[in-house]
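Undergrad:
Protein chains: 2
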Amino acid sequence: MFKDIKIGCSSSRTKYGNRLDTAIVKLEKKAIWSGLFTSNKFKSAPVEICLDKINKNISEPKVLMINAGNANAATGEKGKKDSEKLIDEVSSLLNISTDNILPFSTGVVGELLNTKKLSQAFKKCTDQLGGNSWEDFANSIMTTDTCHKIVKKEFKLGNQKINVIGVAKGVGMIEPNMATTLSFIFTDLKLSKIQLKKLHKDICNQTFNAISIDGDQSPSDSSIFITTSEKKRDINKYQKKIKNNFYDVFKELAEKLVLDGEGATKLIKIRVSGLRSYAASKKVALKVANSPLVKTAAYGEDPNWGRIITAAGNAGEKEFDMKNLSLKIGGHPVLINGNLSPKYSESKGKKEFRKKTINIEIKLGKSKQSALVMTSDLSPEYISINSDYRS
Amino acid sequence: MFKDIKIGCSSSRTKYGNRLDTAIVKLEKKAIWSGLFTSNKFKSAPVEICLDKINKNISEPKVLMINAGNANAATGEKGKKDSEKLIDEVSSLLNISTDNILPFSTGVVGELLNTKKLSQAFKKCTDQLGGNSWEDFANSIMTTDTCHKIVKKEFKLGNQKINVIGVAKGVGMIEPNMATTLSFIFTDLKLSKIQLKKLHKDICNQTFNAISIDGDQSPSDSSIFITTSEKKRDINKYQKKIKNNFYDVFKELAEKLVLDGEGATKLIKIRVSGLRSYAASKKVALKVANSPLVKTAAYGEDPNWGRIITAAGNAGEKEFDMKNLSLKIGGHPVLINGNLSPKYSESKGKKEFRKKTINIEIKLGKSKQSALVMTSDLSPEYISINSDYRS
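The listed protein sequences correspond, in order, to chains L and D. One point on numbering: in the numbering used here, the residue at position 35 of the first sequence is 35, and numbering is uninterrupted. One point on numbering: in the numbering used here, the residue at position 114 of the second sequence is 505, and numbering is uninterrupted.
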């Protein structure tokens with residue numbers, strides 16, 4: 001699978017000792033890409049460079065180059081020149097136009113790249129292209145992740161087997177020196193550029209953009225979706241199947257990110273339904289997911305549902321009306337149309353909050369729309385990790 | 392001072408043992424009030440009742456009745472009836488129309504009031520009206536506050552002495568079972584209803600609404616501003632002096648709330664300047680103040696400024712441009728127009744982060760507008776307090 005994608009990884013020996021922390025991914029055949037990036041107004045140099053390529057409508061990716069340990073963010077003009085220098089070098093080494101090289105950096109913010117060591121590392125990556133595995137690639141992009149994240153999937157469209165592989169690195173709740181979420185998803189299903197972009201946007205919105213870290217996005221968050229196939233086929237009748245299969249890959253990667261969150265002991269799933277739009281539902285769910293009070297209650301296994309509806313109310317959603325609010329914890333009704341459910345007891349809630357996965361359902365009206373958001377709890381370990389001095 | 396305001400306090404013996412936890416404040420002379428309430432869509436029964444009075448344009452307050460320990464929120468129709476029952480009783484006891492009685496509740500969310508015990512407690516309050524001090528009042532409205540909050544101030548307009556007294560209860564970062572901020576500020580300066588409301592709104596916006604807890608508002612947050620004087624005078628030429636003096640009282644109360652935050656070890660002051668409007672500046676400052684990463688860095692005394700500008704960028708402010716961003720920590724330039732300041736060193740930042748008060752300045756343009764937001768750090772004690780089981 002994906003024989004035409006060559007991977008080379010190495011260690012820059014800058015931040016992580018001998019660990020793999022640089023990667024080159026080379027696409028041997030014609031491919032097209034879709035890139036979605038942080039909505040933070042403050043963007044890293046590599047993100048600015050990728051966005052430039054999108055603006056210039058450069059749609060063919062030939063090389064992805066990634067380094068972990070330094071995000072090259074808040075590094076001003078010097079930072080941008082550093083990234084461009086590394087791209088120039090890889091361009092010469094592989095004889096590929098700089099236009100077709102996409103850079104990604106993740107790690108500490110506000111430090112200049114060690115370009116000397118990174119030059120050497122990327123040189124090594126190019127030397128051994130094809131010599132590394134997907135697992136090596138997934139390992140080499142990690143920062144405080146405790147494990148690499150890969151999801152593979154096959155599905156059939158008629159007689160044709162379609163392959164998908166996704167690699168991501170996480171957030172570690174949001175890591176000490178600015179987490180970045182990077183995700184690279186490849187498929188051999190031929191899609192038009194418009195199809196690829198639409199699928200990517202729709203699915204990201206419901207997966208990587210529906211996990212809550214702390215409500216913030218890093219300057220480096222990037223998701224890349226690439227199709228490598230040359231065979232074109234009519235996929236109209238398979239639209240739903242295609243979307244569902246890709247969705248599964250993105251969602252599984254997103255779950256892995258949440259579960260590997262810093263200090264995380266719980267997975268909290270929040271489903272908001274009944275509002276007229278997906279966007280409104282997601283806004284309310286995200287507000288609950290981002291509430292430190294909800295997160296600490298989850299850590300303490302305290303079914304403090306007052307905090308859940310308080311956070312929901314704070315989303316400022318116009319349709320929100322306590323008279324229509326129903327709340328369930330792990331399937332048990334707590335509030336029914338704004339009134340306390342006589343059947344609910346603290347012990348029922350407590351039992352649900354003791355589970356590894358906590359399911360919260362908030363119904364705010366009669367529409368069948370709903371949004372699912374996933375988050376983790378907030379533990380003392382999170383504070384400990386995040387208040388430790390960086391060096 | 393304020394001889395015409397009679398205070399009666401007692402203990403309901405519901406949640407805090409023998410501690411004072413109920414109060415009646417009776418205004419013996421004609422007064423007018425301005426009330427500002429939580430922007431949360433989910434509001435407690437007492438807040439709904441106060442808002443009803445505002446909608447009906449009932450501008451004369453004669454009695455404030457407050458209980459601490461139970462917020463009477465998320466209690467549906469029964470909750471509203473309970474508050475109304477208590478108002479009816481106080482109305483009969485004091486022979487005052489229910490229209491002129493303002494109720495306030497703070498404490499746990501999602502539990503019905505113990506109306507029997509509260510009836511008895513409010514009866515005791517009315518029995519001993521005039522027998523309690525402002526300190527008793529401030530004590531009786533506390534929930535997890537570790538100390539009461541009172542600010543008194545006198546100032547002169549020409550020959551006339553003006554008195555102001557403010558009492559508040561806090562957030563304790565935001566307390567285990569939903570913090571409420573309640574504040575009651577009284578003055579004997581005669582103001583028109585329009586003047587009172589405008590002053591209140593402007594000053595709250597820059598004080599109680601410019602301290603960050605966790606970005607959320609409780610269903611019960613209330614600020615009440617009352618003038619009790621009957622003497623009318625022309626105050627046009629004193630506008631600025633009046634505003635500044637009231638501002639000082641509100642700001643000092645707001646600072647006391649932040650400093651008494653749960654687990655707080657630091658006061659973080661964030662000033663954002665250079666954007667065209669106060670609202671935009673405040674939005675950016677609040678985003679920084681609400682970032683768990685900034686708060687944990689403050690707790691850990693780690694001058695991790697990458698997190699500060701990342702949070703600032705996440706505010707999504709249109710004018711935000713890294714090229715114009717300058718950052719100072721405790722007066723030391725870190726970034727100048729998006730580039731690293733050569734004079735900055737980690738040791739300088741570290742020294743500032745070791746102080747009890749951390750000053751952060753973010754400049755984003757050339758406008759002279761600026762906004763100040765205050766917050767506290769995020770410590771393991773916060774998690775410990777907030778993950779403890781409620782009972």
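All C-beta atoms, glycine included, are put in the ideal place defined by N, C-alpha and C.
Where do the N-terminal and C-terminal ends of the alpha helix (DSSP H) with Pro292(L) fall, by residue?
TA: Element bounds for Pro292(L): Pro292 to Tyr299.
Undergrad: Taking 8 angstroms as the threshold (C-beta atoms), are Lys251(L) and Ile358(L) in contact?
TA: No; because the gap between Cβ atoms is not below 8 angstroms, this pair is not in contact.
Undergrad: Please list, in chain order, the chain D residues whose beta carbon lies closer than 9 angstroms to that of Ile268(L).
TA: Near Ile268(L) there are no residues of chain D at all, since even the closest Cβ is about 14 angstroms away, more than 9 angstroms.
Undergrad: Along the alpha helix (DSSP H) that carries Val649(D), what are the first and last residues, could you check?
TA: Here the alpha helix (DSSP H) through Val649(D) covers Gln630 to Leu650.
Undergrad: Of all Cβ atoms in chain D, is any one closer than 8 angstroms to the Cβ of Tyr238(L)?
TA: False, the Cβ-Cβ gap to chain D never drops below 8 angstroms.
Undergrad: Start and end of the alpha helix (DSSP H) containing Arg667(D)?
TA: Note, Arg667(D): premise wrong, no alpha helix (DSSP H); not H, not E.
Undergrad: At a CB-CB cut-off below 7 angstroms, which residues of chain L make contact with Gly704(D)?
TA: Simply Asn40, Lys41, Phe42 and Pro219.
Undergrad: When you compare the segment 546-554 of chain D with the segment 404-421 of chain D, are there three or more beta-carbon pairs, one atom per stretch, that lie closer than 8 angstroms?
TA: Result no; under three Cβ-Cβ pairs closer than 8 angstroms.
Undergrad: Does any CB atom of chain D fall closer than 8 angstroms to the CB of Asp52(L)?
TA: So no, Asp52(L) is outside the interface.
Undergrad: Select from the segment 360-379 of chain L all residues with a C-beta closer than 8 angstroms to any C-beta belonging to chain D, and list them in chain order.
TA: If the cut-off is 8 angstroms between Cβ atoms, the segment 360-379 of chain L has Leu378 and Ser379 near chain D.
Undergrad: Since Asp651(D) contacts Cys538(D) with CB under 8 angstroms, what's their CB separation in whole angstroms?
TA: Their Cβ separation, rounded to whole angstroms, is 6 angstroms, which keeps Asp651(D) and Cys538(D) in contact under 8 angstroms.
Undergrad: Determine, using beta-carbon pairs with one atom in the segment 739-756 of chain D and one in the segment 348-355 of chain L, whether at least three such pairs fall under 8 angstroms.
TA: At 8 angstroms Cβ cutoff, the stretches do not touch.
Undergrad: Using alpha carbons as the reference points, say which of Phe637(D), Asp473(D), Ala464(D) and Val438(D) lies closest to Asn596(D).
TA: With distances taken between Cα atoms, Asn596(D) lies closest to Phe637(D).
Undergrad: Check whether chain L comes within 8 angstroms of Ala670(D), counting only Cβ atoms and requiring the distance to be less than that.
TA: No, no contact with chain L.
Undergrad: Thinking C-beta only, is Asn100(L) closer than 8 angstroms to Val63(L)?
TA: In this structure, Asn100(L) lies closer than 8 angstroms to Val63(L) by Cβ.
Undergrad: At what residues does the beta strand (DSSP E) containing Cys516(D) begin and finish?
TA: It is not in any beta strand (DSSP E) - Cys516(D) instead sits in the alpha helix (DSSP H) that spans Thr506 to Asp518.
Undergrad: What span of residues does the alpha helix (DSSP H) with Leu493(D) cover, start to end?
TA: Here Leu493(D) belongs to no alpha helix (DSSP H); instead the beta strand (DSSP E) covers Ile492 to Val499.
Undergrad: How about Phe2(L) and Ile150(L): are their beta carbons less than 8 angstroms apart?
TA: Not a contact, by the Cβ cut-off of 8 angstroms.
Undergrad: Does Leu684(D) come within less than 8 angstroms of chain L when only Cβ atoms are used?
TA: Output row for Leu684(D): interface = yes.
Undergrad: Quick check on this structure: which residue in Val663(D), Arg404(D), Phe599(D) and Ala414(D) has the alpha carbon closest to the alpha carbon of Leu644(D)?
TA: When only C-alpha atoms are compared, the closest one is Phe599(D).
Undergrad: In angstroms, rounded to a whole number, what distance separates the CA positions of Lys417(D) and Ala73(L)?
TA: Taking the straight line joining both Cα atoms gives about 59 angstroms.
Undergrad: Where does Ser531(D) sit, in a helix, a strand or coil, going by DSSP?
TA: Looking at Ser531(D) - three-state DSSP - the assignment turns out to be helix.
Undergrad: Taking 8 angstroms as the cut-off, decide whether the C-beta atoms of Leu520(D) and Ile415(D) are in contact.
TA: A contact, by the Cβ cut-off of 8 angstroms.
Undergrad: Classify Lys197(L): buried if its beta carbon has 16 or more other beta carbons within 10 angstroms, exposed otherwise.
TA: When all chains shown are included, Lys197(L) counts as buried.
Undergrad: Within 10 angstroms of the Cβ of Leu503(D), are there 16 or more other Cβ atoms? Answer buried if so, exposed if not.
TA: Leu503(D) is exposed by the Cβ-count criterion.
Undergrad: Got a sec? Which residues, its chain only, sit under 8 angstroms from Pro724(D) by beta carbon, not counting five neighbours each side?
TA: Taken in chain order, the residues that qualify are Ser717, Leu718, Ser732, Lys734 and Tyr735.
Undergrad: What's the C-alpha gap between Asn681(D) and Gly300(L)?
TA: About 22 angstroms.
Undergrad: Return the chain-ordered list of same chain residues with a C-beta closer than 6 angstroms to the C-beta of Thr296(L), the five sequence neighbours on each side being excluded.
TA: The residues are Leu378.
Undergrad: Cα-Cα, which of Gly107(L), Asp82(L) and Gly69(L) is closest to Ile49(L)?
TA: Closest by alpha carbon: Asp82(L).
Undergrad: Between Lys152(L) and the rest of its own chain, which residues show a CB-CB distance below 6 angstroms, the 5 nearest in sequence each way excluded?
TA: Once the five neighbours on either side are set aside, the close Cβ partners of Lys152(L) are Ile165.
Undergrad: Find the residues of chain L that neighbour Gly498(D), judging by a C-beta separation of less than 8 angstroms, and give them in chain order.
TA: None at all; the shortest Cβ gap to chain L is about 10 angstroms.
Undergrad: In chain L, what lies closer than 8 angstroms to Asn777(D) by C-beta?
TA: Neighbours of Asn777(D) on chain L, chain order: Pro292, Leu293, Thr296, Ala297 and Gly300.
Undergrad: In chain L, which residues lie less than 7 angstroms from Asn730(D) when you measure between Cβ atoms?
TA: Simply Gly76 and Glu77.
Undergrad: Considering only residues of the same chain and omitting the five flanking positions on each side of Ile87(L), which have a CB-CB separation below 8 angstroms?
TA: Ile49, Met65, Thr98, Ile101 and Pro103.
Undergrad: Measure from the C-beta of Phe513(D) to each C-beta in chain L and report whether the shortest distance is under 8 angstroms.
TA: No, its Cβ sits nowhere closer than 8 angstroms to a Cβ of chain L.
Undergrad: Please report the straight-line C-alpha distance between Lys41(L) and Ala655(D), rounded to a whole angstrom.
TA: Spanning the two alpha carbons is a distance of roughly 30 angstroms.
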